[in-house]
Amino acid sequence: MASDNSSSNGSALPSDYETTTWTPPTHRRNILNQASSLVNGGGLGDPNYSHGAIPSQNQPSDITTALDLYEKQFYPTQPKSLSGIALRAFLLGITLAFSSTFSIYLLYIGHSIWRFPFSLASLCLFHFLEFYTTALTNVPSATVSSFLLASNGSAYMIAHLASMTECLLAHLFLPTNILPSSLHSAILGLGLTLIVLGQAIRALAMLTAGTNFSHFVRRHKSQSHKLVTTGIYAYFRHPSYFGYFWWGIGTQLVYGNTICLIAFGVVLWKFFSKRIEGEEELLVRFFGDEYVAYRKRTWVGIPLIK
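Our numbering numbers the first residue of the sequence shown as 1307 and each following residue consecutively.
Here is the structure:
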């Protein structure tokens, strides 16, 4: 085997009187050493090293306090509780999978009650995407409340309970052949289209706005707050409201509801008309002529709201 240096007798080979010892490459020795340490130490590691630990004795008290407060926000019952987020995501996923499967089965056997589990599935998907899109592009605002499961208040819960109740009762006790089959299929197709379109536009709006998006109206302009006018915002100035309005109408069409279709339309229109009016007053105050010009070249997309 050739040596890196010539031997003392000028030969390119080691002298017959020299002894050579093979040593493994450095990286291989490190792996072997790590394996040996793991076995000999029982997997406990170096007692002088703690993974991820910050030696508090070397840190000023204010830094230690700040780190403690930062860590505590992820504890149970806190706004960014990791256990709370995991539990909600798990329950939404399980419910979505079960209700979707059950809805497909009922549709397969030709039972009109398939709309009831479908309503549950659409709600699960909506609330999961509310958190997911926030966590994807607006990390500082991603909290347990970003699922919007309880933060919308009692009116929201009552509306969806009423909607699901009407859907269940209507398809259990009322005849299914009231409308011509062609009109029935058209209404169903329109409803599904509005659900998909509304959900997609709302999610796209949240992703496009990023940290500028908030589930709650901001009454004070932060330094990082910018007016988003690109992407979907180049056409709609309130695309998340547009998406939710038509998603809500679409759900009622698919569920086959009559009373709640009218109620949802009236309530959602009144809510968003007031919210948009108040929000745009704040935006004009924040951005001045820039927002006024932006408002002139975009539209809301909700009937009778300019």
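Positions of the beta carbon are idealized from the N, C-alpha and C atoms, including for glycine.
Residue state for F1424 is assigned as helix, using DSSP reduced to three classes.
Around the Cβ of G1594, a 10 Å sphere holds fewer than 16 other Cβ atoms; the residue is exposed. Y1411 and G1584 have their C-alpha atoms roughly 45 Å apart.
Distance from the CA of F1570 to the CA of W1605, rounded to the nearest whole angstrom, comes to 22 Å. Annotated three-state conformation of F1542 is strand, per DSSP.
Proximity to C1566 across L1431, K1612, I1507, M1470 peaks at M1470, based on C-alpha coordinates. Taking C1473 as the centre and dropping the five residues before and after it, the same chain places the C-beta of R1421, F1422, S1425, Y1561, G1562, N1563 closer than 7 Å to its C-beta, in chain order. Taking a C-beta distance under 9 Å as the contact criterion, F1437 and A1395 qualify as a contact pair.
In this structure, L1589 lies near Y1597, with their beta-carbon atoms less than 9 Å apart. By the C-beta criterion, the segment 1572-1587 is judged to be in contact with the segment 1542-1561, since at least 3 inter-stretch pairs fall below 8 Å. Contact annotation, F1592 with H1531: C-beta distance approximately 7 Å; criterion of less than 8 Å satisfied. Residue pairing of W1605 in beta bridges, as defined by DSSP: F1542. Within a 10 Å sphere around the beta-carbon of M1512 sit 16 or more other beta-carbons, which makes this residue buried. From the listed residues L1496, V1445, L1480, L1429, the smallest Cα separation to A1456 is found for L1429. Distance from the CA atom of Y1381 to the CA atom of L1373, rounded to whole angstroms, is 13 Å.
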